[in-house]
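**Student:** Below are the structure tokens for one structure; questions will follow.
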């Protein structure tokens, strides 16, 4: 077994690549094109499509309005070898709220339908759940280094994949290797962009939307003693929702706590809360995903 290959790109280069990826090109009124990120896996990461769809919708609303929620359905796998076209429907523009529908298309077929709502900032009654206790990210190992220490446990191709340099750093509170023990359906992960993102609130929202699809689905697998790296399991996001509660910085550590109240019928339901280090609940997420043991298909 050879050692995992080192990616020589700096954190700033990785984040610059993500920032460019989340920019969309205006083709015509209400029509945008997202950039491609070929990575050798064939399918487009769902968080990328959501973040690009949000970026496209942002282009069509008043500069004083910011996204407070989005709800997306994944209809087909995205192909990383083809550009994604985003078509925007301007459903409503009011004094306080604007609503947009976004259809993501590849080769003339929809791969995602999403609705996003935007609000002009205002004050109101406020409460939130307390942030749970968790080790600080400085006391945890990065997911990349975790797998570097286990380079003999996986095929070389998979080790290269799980140790690749990424613009989002993950530090799991309770990292899981190839163990298949059953665990309660609760998880927690710190994440952040690996370099500064600037001060554009919309970019920070897009990066959070991108990252929110990274660890959520796996929570529904924990109670079943199944490990996606060690078992022939098929997983895919079916839908995804994000609610933005407070301003935050996605280039500072955020704690993503997740739980899964239910799974069945080859689907798993997952919920997440995202906290800033100062304890503010800055966003929430929910997702239902496909979870299918390949051996069960017959």
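In the working numbering, the protein residues as written are 1393 to 1690.
C-beta atoms are modelled at their ideal positions from N, C-alpha and C, and glycine is treated no differently.
Computed from a prediction, not measured in an experiment: that's the story for all the values here.
#1: Would you mind giving the Cβ-Cβ distance between residue 1507 and residue 1560, rounded to the nearest angstrom? I have them listed as a contact below 8 Å.
#2: Could you check what DSSP says for residue 1586 in three-state terms: helix, strand or coil?
#3: What are the uninterrupted segments assigned as beta strand (DSSP E) that are 3 or more residues long and contained completely in the region 1586-1657, given in chain order?
#4: Locate the alpha helix (DSSP H) running through residue 1450, then write down its first and last residues.
#5: Does DSSP classify residue 1478 as helix, strand or coil?
#6: With a 10 Å radius around its C-beta and 16 neighbouring C-beta atoms as the bar for buried, classify residue 1366 as buried or exposed.
#7: Expressed to the nearest angstrom, what Euclidean distance is found between the alpha-carbon atoms of residue 1690 and residue 1684?
#8: Go through its chain and collect everything with a Cβ distance to residue 1393's Cβ below 7 Å, but skip five positions before and after it.
#9: How should residue 1521 be labelled, buried or exposed, when 16 other C-beta atoms within 10 angstroms of its C-beta is the threshold for buried?
#10: Provide the residue(s) that pair with residue 1416 in DSSP beta bridges, ordered along the chain.
#11: I need the straight-line Cα distance from residue 1532 to residue 1492, nearest angstrom please.
#12: Label residue 1608 either buried or exposed according to how many other C-beta atoms from any shown protein chain fall within 10 Å of its C-beta, with 16 as the threshold for buried.
#13: Roughly how many whole angstroms lie between the Cα atoms of residue 1482 and residue 1515?
#14: Given residue 1563, which residues of its chain have a CB within under 6 Å of its CB, disregarding the five upstream and five downstream residues?
#15: Could you tell me the distance, in whole angstroms, from the CA atom of residue 1688 to the CA atom of residue 1663?
#16: Taking buried to mean at least 16 other C-beta atoms within 10 Å of its own C-beta, is residue 1395 buried or exposed?
#17: Counting only the same chain and skipping the five closest in sequence on each side, list residues whose C-beta sits under 6 Å from that of residue 1598.
#18: Between residue 1565 and residue 1403, is the Cβ-Cβ spacing less than 8 Å?
#19: In the structure shown, what three-state DSSP assignment does residue 1502 receive?
#20: Does the region 1614-1628 come into contact with the region 1668-1683, if we say contact requires no fewer than three beta-carbon pairs (one atom in each stretch) closer than 8 Å?
#21: Is residue 1565 helix, strand or coil when you go by DSSP?
#22: Are there 16 or more other CB atoms within 10 angstroms of the CB of residue 1509, so buried, or fewer, so exposed?
#23: Comparing alpha-carbon positions, which option in 1408, 1553, 1438, 1674 lies nearest residue 1632?
#24: Hey, could you find the ends of the alpha helix (DSSP H) residue 1665 is sitting in?
#25: Select from 1487, 1643, 1494 the residue whose C-alpha is nearest the C-alpha of residue 1479.
#26: Please list, in chain order, all residues of the same chain as residue 1594 whose beta carbon is under 6 Å from its beta carbon, the five residues on each side excluded.
#27: Using a Cβ distance threshold of 8 Å, determine whether the region 1644-1655 contacts the region 1663-1679, with at least three qualifying pairs required.
#28: Please report how far the alpha carbon of residue 1501 lies from the alpha carbon of residue 1616, in whole angstroms.
#29: Measure from the alpha carbon of residue 1513 to the alpha carbon of each residue in 1540, 1457, 1468, 1499, then state which is nearest.
#30: With DSSP run on the structure shown, which of helix, strand or coil describes residue 1689?
**Tutor:** To lay it out plainly:
#1: Not quite, the Cβ-Cβ distance comes to about 25 Å (not below 8 Å), so this is no contact.
#2: coil
#3: 1625-1636, 1646-1656
#4: 1438-1450
#5: strand
#6: Any question about residue 1366 goes unanswered here, given that the chain covers just 1393 to 1690.
#7: For residue 1690, the predicted structure reports a pLDDT of 39, less than 50, and the residue's modelled location is therefore unreliable. The matter cannot be settled from this model.
#8: Confidence is the limiting factor: at residue 1393 the pLDDT is only 41, short of 50, which leaves the residue's position unreliable, though a coordinate-based value still follows. So the qualifying residues of the chain are 1543, 1544, 1548.
#9: exposed
#10: 1426
#11: 40 Å
#12: buried
#13: 26 Å
#14: 1529, 1532, 1534, 1582
#15: Note that residue 1688 scores 47 on pLDDT, short of 50, meaning its location in the model is unreliable and no value can be drawn from it.
#16: For residue 1395, the pLDDT reaches just 47, beneath the cut-off of 50, and the residue's location in the model is therefore unreliable, although a value from the coordinates is still provided. So residue 1395 ends up on the exposed side.
#17: 1414, 1443, 1446, 1447
#18: no
#19: strand
#20: yes
#21: coil
#22: buried
#23: 1438
#24: Looking at the DSSP string, residue 1665 is not in any alpha helix (DSSP H); the run it does join, the beta strand (DSSP E), is 1659-1668.
#25: 1494
#26: 1450
#27: yes
#28: 35 Å
#29: 1457
#30: At residue 1689, the pLDDT of 43 sits below 50, so the modelled position is not reliable; the number obtained from the coordinates is stated separately. DSSP places residue 1689 in helix when its eight states are reduced to three.
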